[in-house]
Each structure stands twice: as C-alpha cells, then as structure tokens.
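Residue numbers (this note's numbering): 317 to 608.
All C-beta atoms, glycine included, are put in the ideal place defined by N, C-alpha and C.
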C-alpha cells in the first residue's frame, strides 16, 4: 500500500507536474520533497488540496485522519450548510467558535477558508465593497499569489481555489468593477486542459460555464455559449450529478431560443421539472457561486 507521500509523488509524476508548481502557495519545495520521501507526513487539508490541484477527486481516496482533522471537516460541513441555507447568524457563530480553537491543522488553508467566510459575512452586513473584495482577494492569495496577473498555464490549482476566484470575479462585477475577459478565459483553458478526472471536472466545469455566462453575458457569441453549455450538460449526465444542472438547463433554453432552435422548449420543461423534484426533496436548485 502506498504511503501518502508516495501517492502524491506518483500522481504528480503521472500528471507531469513539477514539485515546485504543485506546492506553490502551500509549502516550500524542500518540505514537499520531505512529504514525498516519507520524512514528513502531510496533514489531510494539504493532501486534499494537492489532490485537487492534480485534477483528481479527493473524495475517492481514503486516508486515515486524526480526531482534530475529523472535527475540522465536521465544522466545515456545518459552515457549508449555513451558507447554503443563508443562515448568516449561524455562520458567524460557527466562525467565532472556531476562532477560539487553538489547534491548527494547516494554518495557510485554514486561514484561506476563514477569510473567505469573513468576506461572505461582510457582504451580508453591507460593509464596503472595497473591504469585502480585499478579504476575498487575500483568501485566494493565501494559496495562489498574484492570481490576477499570473499566467494560468504555469499554475496548478484545485477546484475549490478556482471556484473562489470565480466568486471573487462575480462580486467584482456586482460592485460595478471591470472583470477581465482574459482572466475568465484563462480559467476556462486551465479547467479544460489540466483537470482530467471526470468526477473532479464535473464539480467545476459546469460552474465555470454558468459563471462565465454571468460575467461576460454581453461579450460572448451565443453559439459559443451553447457549445459550452451542452458540454457541461453531457458532463453532468455522465457523472449522474444534478447540482448545477437546473442553471445549465435554464441557460441552454434561453440561448437555444435566441438561436431560434425548437429544442429550447424541451430544455425549459426539463429544467422546471427538475426544480420541482429537487424542491420536493429539499435539494437546493438556486445557482450560487458561494456554495460549493
């Protein structure tokens, strides 16, 4: 059985990713070398982030975790539920309780998520856009320094990190700030070229397609949008995943109608039927970039 470090090294070499690229923003190359050699054992947050960066689904890899790590994942699950339910007071309570904890599993990755939560709470409290965006940018730069100017073809990032960048760009647009088409398309190119695992790609590609539509609606050619929406739909079908599917069907119906294609009615009916079923069973169908 492979040890965690050996597993990381094997996947990294298989994906032809340099050690320095993979650990950028997470640890030094020397520390990464010790992880891979087995001289040090990485924590589970580091391991999950690295697996995502290699374009793999960490949910399919089983590793032993400590009780502290299990507690952290339970807390993170509770925060995700609070965000999904828009229970902002509960989210603030969870953050306050967590800040009292002295045990740190991975300070960098934990700081990233906690800063992200603070930014969400700032938005709900109506604090200044500059402050909210500064916190979101800081959260991203915890693990992807200078993400707005860096060449994405030379970066290695996971689905969670990419989703955070998409949310930051969306909030910029909401606040009336310019969103660079080039940055959005770099993200798309990265997802297309670097994330190869179906179960990982289906987590982020449909969300990227929806976010791109929201960010660049007036700048895109409708035929181009339809091609991406259809590809997202096929991915969701292959992976039997319904999350994000209602929004993809809504966008497809709208764009097919603009093109004068009769299929728009089928997509609209499918989307409405799916929303009814999801609502009946208590599943959220509203597309929100802050939920992932």
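Helix, strand or coil, according to DSSP, for residue 427 in the structure here? Position 111 of the chain shown, counted from the first residue, corresponds to residue 427. Correct three-state label for residue 427: helix.
Where in the segment 378–421 do unbroken runs of the alpha helix (DSSP H), each at least 4 residues long, occur, reported from the N-terminal end onward? If we require 4 residues or more, the alpha helix (DSSP H) runs fully inside the segment 378–421 come out as 383–400 and 404–415.
CA-to-CA distance, residue 354 to residue 402, given in whole angstroms: Indexing the chain shown from 1 puts residue 402 at position 86. Indexing the chain shown from 1 puts residue 354 at position 38. One alpha carbon belongs to residue 402, the other to residue 354, and they sit about 42 Å apart.
Measure how close the beta-carbons of residue 480 and residue 455 come, nearest whole angstrom, since I'm counting them as under 8 Å. For the purposes of this step, residue 480 is identified with residue 164 of the chain shown, where counting begins at 1. For the purposes of this step, residue 455 is identified with residue 139 of the chain shown, where counting begins at 1. Sure, about 6 Å apart at Cβ, within 8 Å.
Quick one, are the C-beta atoms of residue 551 and residue 500 less than 8 Å apart? Residue 551 sits at position 235 when you count from the first residue of the chain shown. Residue 500 sits at position 184 when you count from the first residue of the chain shown. A distance of 8 Å or more separates the beta carbons of residue 551 and residue 500.
On the three-state DSSP scale, how would you describe residue 519? As a position in the chain shown, residue 519 is number 203, starting the count at 1. Helix, per DSSP.
Own chain residues within Cβ distance below 7 Å of residue 410, not counting five before or after: Here residue 410 refers to the residue found at position 94 of the chain shown. Excluding sequence positions up to five before and after residue 410, its CB lies within less than 7 Å of the CB of 391, 394, 395 and 398, all in the same chain and listed in chain order.
Nearest candidate by alpha-carbon position, reference residue 378, set 420, 323 and 509: Looking up residue 378 in the chain shown gives position 62. Across the set 420, 323 and 509, the C-alpha of 323 shows the shortest separation from the C-alpha of residue 378.
How long is the line joining the alpha carbons of residue 470 and residue 337, rounded to whole angstroms? In the chain shown, the residue the question calls residue 470 occupies position 154. In the chain shown, the residue the question calls residue 337 occupies position 21. Distance between the alpha carbons of residue 470 and residue 337 is about 8 Å.
For residue 527 and residue 486, which I take to be in contact (beta-carbon distance under 8 Å), what is that distance rounded to the nearest angstrom? The count along the chain shown starts at 1 and reaches residue 527 at position 211. The count along the chain shown starts at 1 and reaches residue 486 at position 170. Confirmed, Cβ separation roughly 6 Å.
Can you grab the Cα-Cα spacing for the pair residue 653 / residue 382, in whole Å? Outside the displayed span of the chain (317 to 608) sits residue 653, for which this structure offers no information.
Looking at C-beta atoms only, is the number of pairs between the segment 563–576 and the segment 438–454 that lie closer than 8 Å three or more? As far as the Cβ criterion goes, the segment 563–576 does not touch the segment 438–454, which means the pair count is below three.
DSSP-derived helix/strand/coil call for residue 367: For this step, residue 367 is matched to residue 51 along the chain shown. Residue 367 sits in a helix when the DSSP states are folded into three classes.
Tell me the rounded alpha-carbon separation between residue 317 and residue 333. Looking up residue 317 in the chain shown gives position 1. Looking up residue 333 in the chain shown gives position 17. Only weak support exists for where residue 317 lies, its pLDDT of 46 falling under 50; the value from the coordinates is given anyway. Taken atom to atom, the span from the alpha-carbon of residue 317 to that of residue 333 is near 23 Å.
Nearest-angstrom Cα separation, counted from residue 362 out to residue 423: Counting from one through the chain shown, the residue named residue 423 turns up at place 107. Counting from one through the chain shown, the residue named residue 362 turns up at place 46. For residue 423 and residue 362, the distance between alpha carbons rounds to 10 Å.
Considering only C-alpha positions, which residue in the set 429, 449 and 604 is nearest to residue 477? In the chain shown, counting from the first residue as 1, residue 477 sits at position 161. Nearest C-alpha to residue 477 among 429, 449 and 604: 429.
Can you find the residues in the same chain that come closer than 7 Å, C-beta to C-beta, to residue 596, ignoring five residues on each side of it along the sequence? By one-based count along the chain shown, residue 596 stands at place 280. So no residue of the chain qualifies.
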